[in-house]
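Read through the structure below, which is laid out as structure tokens, and then see the notes.
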Amino acid sequence: MLLTACGGGSSEADGSQGINGGLVAGGPSQARTISGTLRLTSSMAQDSDTQVAGSFAINLNNNSFSQAQRLNNPSSVGGYVSAANGAYSNGLSFARDDSDFYSLPLLNGQTLSLEAYPADTGTNQSIYLRFQVFKSSNQSAPVFSEDIRWARQVEFVADEDAEYYVSLRSIAQSPVNYHLRSSRSLAAGESLSRAGYAKLASARVNIVNAFGEVSQLDDGIHSDLAKLKALRLASQLQGMRGVANAEPDYLVTASGLSVNDSLRSFQWNLDQLSFPEAWQFASGQGVRVAVIDTGVAPSHEDVQSNILFSDGYDFVSDVLNGDGDGRDADATEVAFGTFHGAEVAGVIAADTNNAKGIAGAAFNAKIIPIRVLGSSGEGSAFDIADGIRYAAGLRTTDGRQLDDPADIINLSLGLNINSFVIEDAIRDAAATGVIIVAAAGNEQSDLPFYPAYYPEVFGVGSVNHTGFRSLFSNFGDNVDVMAPGGTDINSIYFDGVDDDVITPSRLDRYELSIGTSFAAPHVAAIAALMKELDPSLDNASFLRALERGELTEQGVPEQFYGAGLINAQKAVYAAGADPLNELEVFPSNLSFGNYASSASLFLGNAGSDDLTIESISANVPWLDISLDSVDAQGFSRYVITVDPDQVSDQAQQAMIQVEYRLDGGVLLNETVPVFKAAADVAGQLSRVYVYLLRKQEVNAAAGSYDIYRAQRFDDVNATANFQFFDVPEGEYYLEASTDSDGDARLFDKGEAVGAYRLSNNASSLVVDRDRIGLSFEISYQNVAEQSGFANTIDPQLDRNLRSSQ
Numbered sequence: 006m007l008l009t010a011c012g013g014g015s016s017e018a019d020g021s022q023g024i025n026g027g028l029v030a031g032g033p034s035q036a037r038t039i040s041g042t043l044r045l046t047s048s049m050a051q052d053s054d055t056q057v058a059g060s061f062a063i064n065l066n067n068n069s070f071s072q073a074q075r076l077n078n079p080s081s082v083g084g085y086v087s088a089a090n091g092a093y094s095n096g097l098s099f100a101r102d103d104s105d106f107y108s109l110p111l112l113n114g115q116t117l118s119l120e121a122y123p124a125d126t127g128t129n130q131s132i133y134l135r136f137q138v139f140k141s142s143n144q145s146a147p148v149f150s151e152d153i154r155w156a157r158q159v160e161f162v163a164d165e166d167a168e169y170y171v172s173l174r175s176i177a178q179s180p181v182n183y184h185l186r187s188s189r190s191l192a193a194g195e196s197l198s199r200a201g202y203a204k205l206a207s208a209r210v211n212i213v214n215a216f217g218e219v220s221q222l223d224d225g226i227h228s229d230l231a232k233l234k235a236l237r238l239a240s241q242l243q244g245m246r247g248v249a250n251a252e253p254d255y256l257v258t259a260s261g262l263s264v265n266d267s268l269r270s271f272q273w274n275l276d277q278l279s280f281p282e283a284w285q286f287a288s289g290q291g292v293r294v295a296v297i298d299t300g301v302a303p304s305h306e307d308v309q310s311n312i313l314f315s316d317g318y319d320f321v322s323d324v325l326n327g328d329g330d331g332r333d334a335d336a337t338e339v340a341f342g343t344f345h346g347a348e349v350a351g352v353i354a355a356d357t358n359n360a361k362g363i364a365g366a367a368f369n370a371k372i373i374p375i376r377v378l379g380s381s382g383e384g385s386a387f388d389i390a391d392g393i394r395y396a397a398g399l400r401t402t403d404g405r406q407l408d409d410p411a412d413i414i415n416l417s418l419g420l421n422i423n424s425f426v427i428e429d430a431i432r433d434a435a436a437t438g439v440i441i442v443a444a445a446g447n448e449q450s451d452l453p454f455y456p457a458y459y460p461e462v463f464g465v466g467s468v469n470h471t472g473f474r475s476l477f478s479n480f481g482d483n484v485d486v487m488a489p490g491g492t493d494i495n496s497i498y499f500d501g502v503d504d505d506v507i508t509p510s511r512l513d514r515y516e517l518s519i520g521t522s523f524a525a526p527h528v529a530a531i532a533a534l535m536k537e538l539d540p541s542l543d544n545a546s547f548l549r550a551l552e553r554g555e556l557t558e559q560g561v562p563e564q565f566y567g568a569g570l571i572n573a574q575k576a577v578y579a580a581g582a583d584p585l586n587e588l589e590v591f592p593s594n595l596s597f598g599n600y601a602s603s604a605s606l607f608l609g610n611a612g613s614d615d616l617t618i619e620s621i622s623a624n625v626p627w628l629d630i631s632l633d634s635v636d637a638q639g640f641s642r643y644v645i646t647v648d649p650d651q652v653s654d655q656a657q658q659a660m661i662q663v664e665y666r667l668d669g670g671v672l673l674n675e676t677v678p679v680f681k682a683a684a685d686v687a688g689q690l691s692r693v694y695v696y697l698l699r700k701q702e703v704n705a706a707a708g709s710y711d712i713y714r715a716q717r718f719d720d721v722n723a724t725a726n727f728q729f730f731d732v733p734e735g736e737y738y739l740e741a742s743t744d745s746d747g748d749a750r751l752f753d754k755g756e757a758v759g760a761y762r763l764s765n766n767a768s769s770l771v772v773d774r775d776r777i778g779l780s781f782e783i784s785y786q787n788v789a790e791q792s793g794f795a796n797t798i799d800p801q802l803d804r805n806l807r808s809s810q
């Protein structure tokens with residue numbers, strides 16, 4: 006059987022971990038051990054006077070300006086307030102803590118977001134929380150004040166670099182959980198800066214619906230969100246390992262074709278590969294891409310016009326595996342399927358410029374849906390081999406043949422053993438010239454994963470939003486090239502949006518997807534752009550271009566990255582597009598994290614005109630700029646270094662000014678924004694639980710359920726090593742959560758949460774052996790995202806601690 010390669014997001018490695026914290030016993034004795042490391046995101050903080058504060062914060066009241074709790078920038082903090090003592094619906098008591106005060110520095114244009122919701126999840130109680138912001142120079146008059154009476158998000162935008170106080174005061178008697186965070190992106194545009202402390206659309210909180218999928222938002226919300234969300238073009242810094250955190254986070258106006266799709270601003274993956282720049286030359290017009298997968302749903306609003314259902318075919322021979330009628334000409338996905346094929350097809354050729362959903366990477370290419378995987382996401386080697394032959398225009402075992410074959414085949418599936426049936430089909434298909442792209446797998450391994458391992462196939466590994474290999478991605482000979490497949494951790498990246506790949510899903514919904522399954526279609530889409538420009542492009546010529554470095558950003562370890570991260574703009578140039586004469590700046594902006602003191606900035610002109618850099622300078626004394634090298638194509642590499650003797654520990658912004666001429670013409674200029682984070686503060690949390698849920702008990706629960714086994718850490722600084730002994734074999738959910746409000750319910754809104762996630766469709770941990778070296782992350786998350794994340798793990802929300810835990 007073949008499993009679709011849509012997993013990722015957690016890691017597992019050999020080796021045991023120590024124990025830190027009290028183990029809670031329970032369950033019959035069996036010789037199975039689960040152990041690993043829980044990681045906290047940096048700059049996480051916790052309200053210092055929550056009900057259950059540990060030794061980090063014993064009696065550290067933060068109830069006034071003089072007692073304000075200091076926060077880093079950026080920062081993400083969770084807390085609790087209540088105007089009175091009382092009892093939760095489960096009988097446990099809660100304490101009075103009517104106000105919390107914080108102090109922190111903010112930059113001009115930086116956003117401070119607050120989400121608030123009832124602490125008692127067993128009721129529908131209203132809340133009443135007053136959110137006020139003061140400048141440190143005037144503690145008597147707030148510059149921002151908002152009363153929050155229902156669960157929602159409110160945002161404040163700073164209008165100057167300054168020190169600020171935040172006051173959160175409970176007015177009503179019901180307890181409130183909240184999440185306060187400062188952004189790592191800056192608002193752009195005169196209208197926002199003149200408006201000062203703008204209140205943006207609170208409905209932005211509904212980014213992700215209750216099923217973990219992206220909901221449609223109205224255009225007004227998206228226009229505001231676009232002003233605040235960074236494009237996050239990942240900086241591939243020629244293998245410089247010391248600049249792992251130098252990724253751009255400012256909103257910039259990228260050159261290239263713009264589209265009006267409502268979720269386009271969330272598609273960091275397209276910007277990372279320079280698709281908008283490539284769209285100036287090609288969009289996949291006239292190119293046919295076969296998606297060999299679970300079929301494609303015919304009714305999704307954003308995956309319709311580019312699907313060639315008349316050319317598709319269902320090769321699933323098992324009548325029990327989906328639609329019940331064996332092989333036929335209907336390649337649509339069944340209503341209760343995984344919708345994996347629709348997700349993959351959407352990455353390649355979602356309907357674009359239709360004012361809804363996402364933009365397809367090759368939005369004018371046509372998709373041939375070929376169904377080889379059943380409703381469970383599995384299929385037979387025999388069926389898959391016939392699907393490959395059919396896509397390539399070869400005769401199948403039952404005599405079928407596609408008159409107009411595909412130019413490109415996408416295989417977001419695989420298995421760990423070699424199938425000679427599939428190998429023969431791959432070899433025969435490649436001989437026709439069709440370009441074959443496959444997912445490299447999500448097992449963090451260099452063991453062969455087929456069909457990506459075959460030499461005729463372009464295996465695609467996954468990078469995260471920073472451009473570094475996703476922890477789940479396979480490597481070694483499985484990988485020829487890299488593309489975005491989602492983040493390694495179950496957390497947000499300061500902007501309230503999960504950094505996975507947004508894809509169409511069932512009905513008219515969208516999903517946050519991870520895995521090499523979603524990296525592969527980016528490469529298939531780039532091949533489609535190239536094929537439009539060069540109709541002679543085939544498997545062999547695509548390989549030659551890849552080997553010559555014409556398609557990728559290089560300078561990374563080949564063992565883990567293959568030929569490097571693919572780049573759509575470079576690819577269309579390699580296919581014959583005439584480069585524009587303009588200054589190209591890569592990356593478009595720089596962000597120095599807590600572990601990065603230098604970064605590379607590349608300047609050049611891919612066109613034919615001569616480029617002369619007249620001057621390059623920074624507007625602050627703490628940035629040093631030096632020319633490092635000039636390559637054969639005339640691109641200059643500058644090294645940008647933060648001077649530790651000149652820079653402060655606080656967050657700062659700067660601008661790099663470039664003055665240049667093209668062919669000796671008029672003097673032109675370009676500005677590169679720079680952001681430097683404040684000095685690192687390791688994440689600290691109190692009363693953190695790492696726990697196991699038995700899958701069979703979760704599925705049988707009527708609305709809440711008891712946690713099977715839990716380990717409590719009273720104080721966690723950066724990491725915690727967990728270990729469970731004598732765990733019976735079976736399937737479990739492995740999660741983590743704080744309990745800041747003391748209601749013995751975990752994974753509440755407003756708590757820091759995390760889960761060991763194997764894939765979108767399989768979140769449980771199979772314990773059939775010792776599971777050693779597991780790793781996952783805990784973080785505060787967007788309230789809607791957190792609810793959706795919980796629902797992707799199981800259908801219940803209440804995780805109840807037993808009194809013994």
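Take the working numbering: the last position of the sequence shown gets the number 810, and nothing is skipped along the way.
C-beta: ideal position from N, C-alpha, C; glycine also.
As the structure is a computational prediction, the values presented were derived from the model and not from experiment.
Spell out the partners DSSP gives residue i in its beta bridges.
i, result
"Leu134", "Ile153 and Ser175"
"Ser631", "Val644"
"His184", "Gly83 and Glu120"
"Ala167", "Leu111"
"Met487", "Gly466 and Leu570"
"Tyr395", "None; Tyr395 has no bridge partner."
For residue i, which option in the options has the closest C-alpha, if you only look at C-alpha atoms?
i, options, result
"Ser417", "Gly384, Asn143, Ala397 and Asn78", "Gly384"
"Ile519", "Glu348, Ser450 and Ile621", "Glu348"
"Glu558", "Asp583, Asp633, Val468 and Asp748", "Val468"
"Gly342", "Gly379, Gly317 and Val308", "Gly379"
"Asp668", "Gly612, Asn95, Thr401 and Thr126", "Gly612"
"Phe344", "Leu43, Phe368, Val377 and Ser48", "Val377"
"Phe730", "Leu616, Gly91, Ser381 and Arg774", "Arg774"
"Ala177", "Ala146, Ser141, Ser304 and Ile132", "Ile132"
"Asp103", "Leu134, Gln74, Gln130 and Tyr122", "Leu134"
"Ala146", "Ala124, Gln130 and Tyr170", "Tyr170"
"Thr402", "Tyr85, His470, Arg332 and Ala443", "Arg332"
"Ser142", "Asp391, Thr126, Glu165 and Asn182", "Glu165"
"Asp316", "Gln406, Phe280 and Pro592", "Gln406"
"Phe473", "Val486, Asp266, Lys361 and Ser48", "Val486"
"Asp105", "Ala92, Asn95 and Phe70", "Phe70"
"Glu552", "Glu736, Ile571 and Gly466", "Ile571"
Taking the Cβ atom as the reference point for each residue, do residue i and residue j lie within a distance shorter than 9 Å?
i, j, result
"Asn66", "Ser87", "no"
"Val82", "Gln51", "yes"
"Ala295", "Ile389", "no"
"Tyr459", "Ile431", "yes"
"Leu109", "Glu151", "no"
"Ile507", "Gln272", "yes"
"Ala137", "Arg186", "For clarity, residue 137 is Gln in the given sequence; the question names Ala instead. Cβ atoms of Gln137 and Arg186: not closer than 9 Å."
"Ser742", "Tyr696", "yes"
"Ile621", "Val663", "yes"
"Met535", "Ala488", "no"
"Ala457", "Asn483", "yes"
"Val442", "Pro526", "yes"
"Ala334", "Tyr318", "yes"
"Ile645", "Ile630", "yes"
Write down the C-beta distance between residue i and residue j rounded to the nearest angstrom, noting that I regard them as a contact closer than 8 Å.
i, j, result
"Gln564", "Phe680", "With 8 Å as the limit, Gln564 and Phe680 do not qualify as a contact, their Cβ atoms being about 32 Å apart."
"Gly490", "Ala435", "Wrong, their Cβ atoms sit about 24 Å apart, outside the cutoff."
"Ser424", "Tyr455", "7 Å"
"Gly609", "Gly639", "6 Å"
Any heavy atom of the ligand COA inside 8 Å of the beta-carbon of residue i?
i, result
"Gly300", "Ligands in the displayed structure: none, and consequently the ligand COA is not present."
query: Do three or more CB pairs link the region 150-161 to the region 99-117 at distances below 8 Å?
result: yes
query: Would you call the region 299-309 and the region 613-632 touching, i.e. three or more CB-CB distances under 8 Å?
result: no
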